[in-house]
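Chains A and B are the protein sequences, given in the same order. Following the numbering used here, the numbering of the first sequence begins with 1201 at its first residue and continues without gaps. Following the numbering used here, the numbering of the second sequence begins with -18 at its first residue and continues without gaps. All C-beta atoms, glycine included, are put in the ideal place defined by N, C-alpha and C. None of the values given here were measured: they were computed from a predicted structure. In what follows, a single structure is set out as structure tokens and then discussed.
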Amino acid sequence: MADTANVEIDDKLLKKRLDKALFKNRSRAFLLVLPLLLFLLVAFIGPILYFLSHGFIDKTFAALMPQTTEALSEWDAVSDPTEEMFAAVVADMVVARKNKTIGRVATRVNRDKPGTRSLFTSSARKAAKLEAPFSESLPAVKKDWNDIEVWQAMKTASRQYTLGYYAAALDMKVNADGSFERQDEKRRIHMTLLLRTMQISFLVTVFCLALGYPVAYLLATLPARTSNLLLILVLLPFWTSILVRTTAWIAMLQAQGVVNDLLVFFGMTPDDARFSLIYNKTGTLIAMTHILLPFMVLPLYSVMKGIPPSYVRAAKSLGANNWTAFWRVYAPQTIPGIGAGALLVFIVAIGYYITPALVGGQDGTMISNIIDDHMRKSLNWNLAAALGGVLMVIVMVLYYVYDRIVGIDNMKLG
Amino acid sequence: MSNKPLVRFQNVQKSYDGKTLVVKDLNLDVEKGEFLTMLGPSGSGKTTCLMMLAGFEPATHGEIYLNDEPINNVPPHKRGIGMVFQNYALFPHMSVAENLAFPLEVRKMSAAESKKRVDKALDMVQLGGFGNRRPSQLSGGQQQRVAVARALVFDPDLVLMDEPLGALDKNLREQMQYEIKHIHETLGVTVVYVTHDQSEALTMSNRIAVFNDGVIQQLAPPDALYERPDNAFVAQFIGENNKLRGTVEELEGDYCVVRTQTGAPVYARAVNVGRKGDESTLSLRPERVLIDPDASAVQNMFEARVLELIYLGDHIRTRIELLGRDDFIVKVPNSANHALMREGDIVTVGWLQEDCRALDA
């Protein structure tokens, strides 16, 4: 009895001793993973967070037009621009021209009000010679300076922290007074692409499930020798470069390709009305389904491998026919595999880029392709970051929903 | 046993690879209400027989009858045979009650009737109130009971059990043996039970079919199997056994004299020997060997050296060197005046001619 009392009193001491005893092992384990942790931090997490911040932060205008930015901050965006504002713009433009940064300013404002690029570049050339009052001399160079929308666009651009890019990613725009508004109809493009991306990803997931389920079942139930051969057939394309597989599909599906040639040869379609199987959504769907199939087959296979045949046998001995035994007993037990495979395929598909770029044509391109476009062509990294952010949020929401419905611990990746 | 058998195997053969027979020409009748155990080492064909009866493996040759109907071409779900699997095979995504209701549901039974039956079956295995649990929330013994209840809930004439107690620990296994035995007695259902555990078979069965090498070696009630094994395999497989080898020297009616390798004659009961001069294996149960017997009471008496003594509480397991064999076991009961022996002692042992069975080589 006395011993028990002692143990209770020493509870805290015991915990301390335990921590001390475990400290060495824990710190050793931590040191082992430290290099990888640092590498991920520097090469992966850091750049991603930095890049994502571009979706909210844009210091271009504020940095290059400091006086204008300060003058605009006082302005209510409704009344006529004041002389101080004109003077600030002229002063900033003189500096910007000397530093050869006026082009970047023009590009930045042009995003909020298209068609203003030349207004800045040409006005800047003459800015040094302008004399006060600037509210008259500047509009004399270009009468667009009297347009209040130009000033509103500048005020919007002058905000260092902005939701404007996220708004643009969702086909909206921020007005000078901070309110949101839907983009002009002809400039709406991202929502269409986002929805199409979701649709293609969903269809690819469904096709992969439909094609992958029987394959996984065969893999799990065939005798080891045959199933190993089959597994290699599944894995072989998995190990092949995406580029090679995508270009192979081009050879297969194009108008003069293998599939169309065969269809014409067997008289299933006339020579002058060949199917357009590529450079459209069909092409994207076919190529992506093929490429992502292993992501579905492997988790399913690993789950099915763990289901002993006695379950189906038990169902049959209890009076269930093959169909009932499959639906009521076998299929429910494969749900963790279906969930893992579907989530994996969908998440990989939603960010797919090379394949739609190569075989997507007009209506088969996806949101990643427009992100790439903003990264490399229009150089609007802020919008690219915002689009990437939206994509990430969508994936996270889906992950959360999946966790709610199926439970993430139920997922089995193999 | 005058009524027709419930199950009849007729010249059944089974081969998986087309080269070797796993089951060789099996003929077996299972009577109604009987508890029949198929006992044998692994690979002896007993589980294959059960799978053929359940319909999961087709017979390569021969016919199986259930209630006089040939069932070779009847799919498993139409045979109406309950089955308890080795790993229970309880559906993990269904609750206990749903598991039990499954066979009733596929038989399109009404919900009310089904619930009544499920509750009754759960009560039978003392698991009333566990209906809403998942199988994974139950202990091994409880899962086992659910599996038994599920195999019985749709009132099958025949229940097959494939080593159902293999995964349980020793105490629980013994308890479950009695429970299954009692359920069998209460319901009067016919049970075909497969096991490799001889004590399980001896405890539960009405009759035991001892399998080896795809052939039934002996089919008999438990006591007959132990006391009167037909051949050397059964004698060795069931219970502890002392083996002596020799040649039949004299054969007269039910008795014979076998000369062992050391040249000493042993008087035995001729059960399964051929002619004079044939090889024979003598079988002798350790508890039938007497230490320091009365010379006039036993026909066989030899000197032996004590090699090893193992204290087991109720008896002392004594290994002695006898007639050239050093693996001869004697069970000395731990009674008030049992013989005191030490390792290395020379003792006299003996046994009745009646207790020593001369079997095939």
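Asked, Found
"Where B:Met(-18) falls, given that 16 or more other Cβ within 10 Å makes a residue buried", "Low local confidence applies: a pLDDT of 44 at B:Met(-18) is under 50, so the model's placement there is unreliable, with the coordinate-based value given in what follows. The residue is exposed, with fewer than 16 neighbouring Cβ atoms inside 10 Å."
"Whole-number beta carbon distance between B:Leu71 and B:Ala35, since they are thought to touch under 8 Å", "That belief does not hold up - the Cβ atoms of B:Ala35 and B:Leu71 are roughly 17 Å apart, past 8 Å."
"Beta-carbon contacts of A:Phe1334 that lie in its chain and below 8 Å, excluding the five residues immediately before and after", "Glu1283, Phe1286, Ala1287, Val1289 and Val1290"
"Buried or exposed by the 16-neighbour rule on C-beta atoms within 10 Å, applied to B:Gly223", "Correcting the residue type first, residue 223 of chain B is Asn in the shown sequence and not Gly. It counts as buried."
"Any chain B beta carbon closer than 8 Å to A:Pro1423", "no"
"Buried or exposed by the 16-neighbour rule on C-beta atoms within 10 Å, applied to A:Lys1220", "exposed"
"Where A:Met1201 sits in the DSSP three-state scheme", "Because A:Met1201 carries a pLDDT of 45, less than 50, the predicted location of this residue cannot be relied on, and the following value inherits that uncertainty. Here A:Met1201 sits in coil by DSSP."
"CB contact below 8 Å: B:Met105 versus chain A", "no"
"8 Å Cβ cutoff, B:Pro274 in contact with chain A", "no"
"Below-8 Å beta-carbon distance, A:Ser1502 vs any chain B residue", "no"
"Partners in chain A for B:Asn68, counting only beta-carbon separations shorter than 8 Å", "Pro1508 and Ser1510"
"Cβ-Cβ separation, A:Ala1357 to A:Asp1312 (assumed contact under 8 Å), whole Å", "6 Å"
"Interface flag, B:Arg88 vs chain A, CB-CB below 8 Å", "yes"
"Minimum Cβ-Cβ distance from A:Lys1516 to chain B less than 8 Å", "yes"
"Amino acids of chain A, ordered along the chain, whose beta-carbon sits closer than 7 Å to that of B:His74", "Pro1532 and Gln1533"
"Whole-Å CB distance - A:Ala1416 paired with A:Tyr1501, under 8 Å assumed", "4 Å"
"Which of helix, strand or coil DSSP assigns to B:Met(-18)", "Note on B:Met(-18): pLDDT 44, under 50, position unreliable in the model; the coordinate value appears next. Note: B:Met(-18) maps to coil in three-state DSSP."
"3-residue-minimum beta strand (DSSP E) runs that sit fully inside the stretch 190 to 262 of chain B, ordered along the chain", "196 to 201, 223 to 233, 236 to 241 and 246 to 251"
"Short CB-CB distance (under 8 Å) between B:Ile164 and chain A", "no"
"Assumed close pair B:Arg126, B:Val106 - CB separation to whole angstroms, cut-off 8 Å", "4 Å"
"Cβ neighbour criterion (16 or more within 10 Å) applied to B:Val(-12)", "buried"
"Short CB-CB distance (under 8 Å) between B:Ile62 and chain A", "yes"
"B:Val135 burial status per 10 Å Cβ neighbour count (16 or more: buried)", "A small correction: the amino acid at residue 135 of chain B is Phe; Val does not occupy that position in the sequence shown. Buried, by the Cβ-count rule."
"Cβ pair B:Val(-7), B:Gly43 closer than 8 Å", "yes"
"Runs of beta strand (DSSP E) wholly within the stretch 132 to 189 of chain B (minimum 3 residues, chain order)", "139 to 143 and 171 to 176"
"Proximal residues, the stretch 38 to 61 of chain B versus chain A, C-beta separation under 9 Å", "Pro56, Pro57, His58, Lys59, Arg60 and Gly61"
"Cβ-based burial, B:Tyr(-3) [other Cβ within 10 Å; buried from 16]", "exposed"
"Alpha carbon of A:Pro1499 to alpha carbon of A:Ile1538, nearest angstrom", "8 Å"
"Between the CA atoms of A:Asp1347 and A:Ala1340 - distance to the nearest angstrom", "13 Å"
"Residue from A:Ile1450, A:Thr1307, A:Tyr1600 and A:Trp1527 with nearest C-alpha to A:Ala1487", "A:Ile1450"
"Residues bridged to B:Arg(-11) (per DSSP)", "B:Asp10 and B:Tyr46"
"Rounded separation between A:Asn1582 and A:Ala1263 - CA only", "16 Å"
"Proximity to A:Leu1370 [Cα-Cα], best of A:Ile1608, A:Tyr1600, A:Met1596 and A:Ala1584", "A:Ala1584"
"Own chain residues within Cβ distance below 7 Å of B:Tyr69, not counting five before or after", "Gln124, Gln125 and Ala128"
"Those residues which DSSP pairs with B:Leu108 across a bridge", "According to DSSP, B:Leu108 bridges with nothing at all."
"Contacts of A:Thr1520 in chain B (Cβ-Cβ under 7 Å)", "It should be noted that the sequence gives Ala, not Thr, for residue 1520 of chain A. Those within 7 Å of A:Ala1520 in chain B are His58 and Val87."
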